[in-house]
Amino acid sequence: MSDDETNPVLLYDGVCGFCNRSVQTIIRHDRRGDMRFAALQSEYGRAIVSRHAQLQNVDSLVLVEQIDGEEKVFIHSTGALRVAAYLGGWWKLCLIAYIIPRPVRDFVYRLFARYRYRLFGKYDTCPIPSPEVRSRFLDRAG
Numbered sequence: 021m022s023d024d025e026t027n028p029v030l031l032y033d034g035v036c037g038f039c040n041r042s043v044q045t046i047i048r049h050d051r052r053g054d055m056r057f058a059a060l061q062s063e064y065g066r067a068i069v070s071r072h073a074q075l076q077n078v079d080s081l082v083l084v085e086q087i088d089g090e091e092k093v094f095i096h097s098t099g100a101l102r103v104a105a106y107l108g109g110w111w112k113l114c115l116i117a118y119i120i121p122r123p124v125r126d127f128v129y130r131l132f133a134r135y136r137y138r139l140f141g142k143y144d145t146c147p148i149p150s151p152e153v154r155s156r157f158l159d160r161a162g
């Protein structure tokens with residue numbers, strides 16, 4: 021497997037203002053620089069969704085990891101917490117949220133996700149990443 025196939029991939033809502041700002045924050049704090057990104061709306065994102073039935077109604081964040089040679093997906097609050105664990109440093113303080121039962125964490129996550137466009141705006145199309153980080157985005161388009 022190539023590095024792109026073993027590195028974690030964060031799928032995100034490419035038209036969501038909050039999601040795009042979150043991706044930029046992750047890029048700034050990713051010391052290893054090996055997390056990859058793809059919009060859920062991209063060909064790559066749609067291919068991942070098609071392989072995992074539990075992703076059919078997910079429209080915000082999906083963390084895709086290769087674990088023991090198998091593609092695993094993490095959604096909602098668990099996906100966000102795994103990103104915090106990946107980033108390390110002070111981001112690991114977020115992991116205290118694991119003491120909250122997952123259904124409660126996911127309820128809060130989904131509630132925020134429902135209102136994210138109203139709070140942070142929505143793009144007409146997915147913004148194009150800057151040339152400095154373009155290689156970290158997997159769009160598999162054309």
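So that you can map any letter, position 121 of the sequence shown is 141 in this note's numbering, and since no number is skipped, the others follow by simple counting.
Idealized CB from N, CA, C, for every residue including glycine.
The count of Cβ pairs closer than 8 Å, one atom from the segment 143-156 and one from the segment 57-66, reaches three, so the stretches are in contact.
The Cβ neighbour count for I68, taken over all protein chains shown within 10 Å, is at least 16; the residue is labelled buried. Secondary-structure assignment with DSSP links V93 through a beta bridge to V84. Rounded to the nearest angstrom, the Cβ distance from V103 to L158 is 16 Å, too far for a contact under 8 Å.
The three-state secondary structure of V124, taken from DSSP, is helix. In the DSSP assignment, F57 falls within the beta strand (DSSP E) that extends over 56-59. Between the C-alpha atoms of R66 and F127 there is a straight-line separation of about 25 Å. Within the DSSP bridge table, the entry for Y32 names A59, L81 as partners.
Distance between I119 and E152, taken at the CA atoms: about 38 Å. Burial of F57 is indicated by the presence of at least 16 other C-beta atoms within 10 angstroms of its C-beta. Cβ contact annotation for L115 (same chain, cutoff 8 Å, sequence separation greater than five): L101, A104, A105, in chain order. The criterion of a C-beta distance shorter than 8 Å is satisfied by E91 and V84. For K142, the closest C-alpha among the options S155, C39, T26, P28 is that of C39. Taking C-alpha positions only, R154 is separated from V35 by approximately 17 Å.
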